[in-house]
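Okay, structure first, notes after.
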Amino acid sequence: MKLLLFDIDGTLIDSDGAGVRSLNISFEEMFGKQHAFREISLAGKTDPQILREGMMLHAIPYSEEIASKFFKTYLSHLTVQMPHTQGHIKQGIPEALEALKMEERHIIGLLTGNIEAGAGLKLRKFGLSSYFEVGAYGSDGEDRNKLLPVAVDKLYRSRSLLVDYRDCVVIGDTPRDIDCAKAYGAFSVGVATGPYTTAALTNAGADVVFDNLSNTGEFLAVLNH
12 MKLLLFDIDG
22 TLIDSDGAGV
32 RSLNISFEEM
42 FGKQHAFREI
52 SLAGKTDPQI
62 LREGMMLHAI
72 PYSEEIASKF
82 FKTYLSHLTV
92 QMPHTQGHIK
102 QGIPEALEAL
112 KMEERHIIGL
122 LTGNIEAGAG
132 LKLRKFGLSS
142 YFEVGAYGSD
152 GEDRNKLLPV
162 AVDKLYRSRS
172 LLVDYRDCVV
182 IGDTPRDIDC
192 AKAYGAFSVG
202 VATGPYTTAA
212 LTNAGADVVF
222 DNLSNTGEFL
232 AVLNH
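When you line the sequence shown up against this note's numbering, it's residues 12 to 236, in that order.
Here is the structure:
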């Protein structure tokens with residue numbers, strides 16, 4: 012039994028910037044700073060990490076209370092943004108998820124920097140929510156490298172099924188996805204459908220790298236190695 016953990020943005024979907032717009036609008040609403048995250052690289056980071064870096068950049072003291080209020084504001088804006096986004100599902104994802112759903116040896120889950128409610132909004136927009144049994148989110152912890160054990164623990168608590176870290180596969184489009192797998196000896200699959208090239212993901216240490224997941228058979232063969 013393997014636990015397959017997919018990243019969302021850049022891997023499963025492209026939200027056409029709906030998340031970033033919602034972050035920026037919320038920051039301006041709360042702190043009066045426009046385009047607050049323009050100078051920050053967001054790829055692969057958790058939402059709480061992004062907020063903390065934005066607040067540090069603009070010399071605004073961080074607190075859990077402020078973060079909680081910010082993400083409530085963010086979700087209100089994301090709820091407005093997502094229905095109108097011109098985003099899309101990444102190439103090969105529907106076919107890959109359908110094929111994986113048919114294989115009982117795999118449990119399909121999420122490992123994403125999105126807070127859980129934000130992840131839900133994005134996945135529901137594209138009709139993908141039902142594929143994922145378990146998830147580890149930015150709302151579970153700011154440090155992405157600590158999220159794989161969260162997913163494993165949630166699976167154990169929901170199904171009394173304990174999966175070894177070495178039987179986990181992290182699928183993502185950034186070096187941070189690869190790092191959070193390698194920290195526990197999990198298998199990592201890089202997908203160059205985000206801001207990083209196949210060469211960059213290979214150099215980051217991914218076990219396998221795809222240009223995209225359009226070749227379902229090849230993808231399944233790697234997962235069943």
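Even for Gly, the Cβ is constructed at its ideal location relative to N, Cα and C.
Relative to the Cα of Leu166, the nearest Cα in the group Ala147, Lys157, Glu50 and Glu153 belongs to Ala147. Here DSSP, grouped into helix, strand and coil, assigns Gly201 to strand. For His99, the pairing in a beta bridge is given by DSSP as Asp25. Under the DSSP assignment, His69 falls outside any beta strand (DSSP E); it carries neither an H nor an E label.
Residue environment analysis places Ala217 among the buried positions, since at least 16 neighbouring C-beta atoms fall within 10 angstroms of its C-beta.
Fewer than three beta-carbon pairs drawn from the stretch 45 to 53 and the stretch 126 to 138 are found closer than 8 Å, and the two stretches are therefore not classed as touching. Judged by DSSP secondary structure, Val145 falls within the beta strand (DSSP E) whose first and last residues are Val145 to Ala147.
With 16 or more other Cβ atoms from the protein chains shown falling within 10 Å of its own Cβ, Met66 counts as buried. Residue state for Gly216 is assigned as coil, using DSSP reduced to three classes.
When C-alpha distances from Leu122 are compared across Ser33, Asp58, Thr84 and Pro105, the shortest belongs to Asp58. CA-to-CA, the gap between Ile182 and Ala197 works out to about 11 Å. The same chain holds no residue with a CB closer than 6 Å to that of Glu115 once the five nearest residues on each side in sequence are set aside. Here DSSP, grouped into helix, strand and coil, assigns His88 to helix.
Ranking Gly55, Ser74, Phe38 and Ile189 by CA distance to the CA of Asn214 puts Ile189 first.
For the pair Val219 and Leu14, the CB atoms are not nearer than the 7 Å cut-off.
Met12 and His117 have their C-alpha atoms spaced approximately 6 Å apart.
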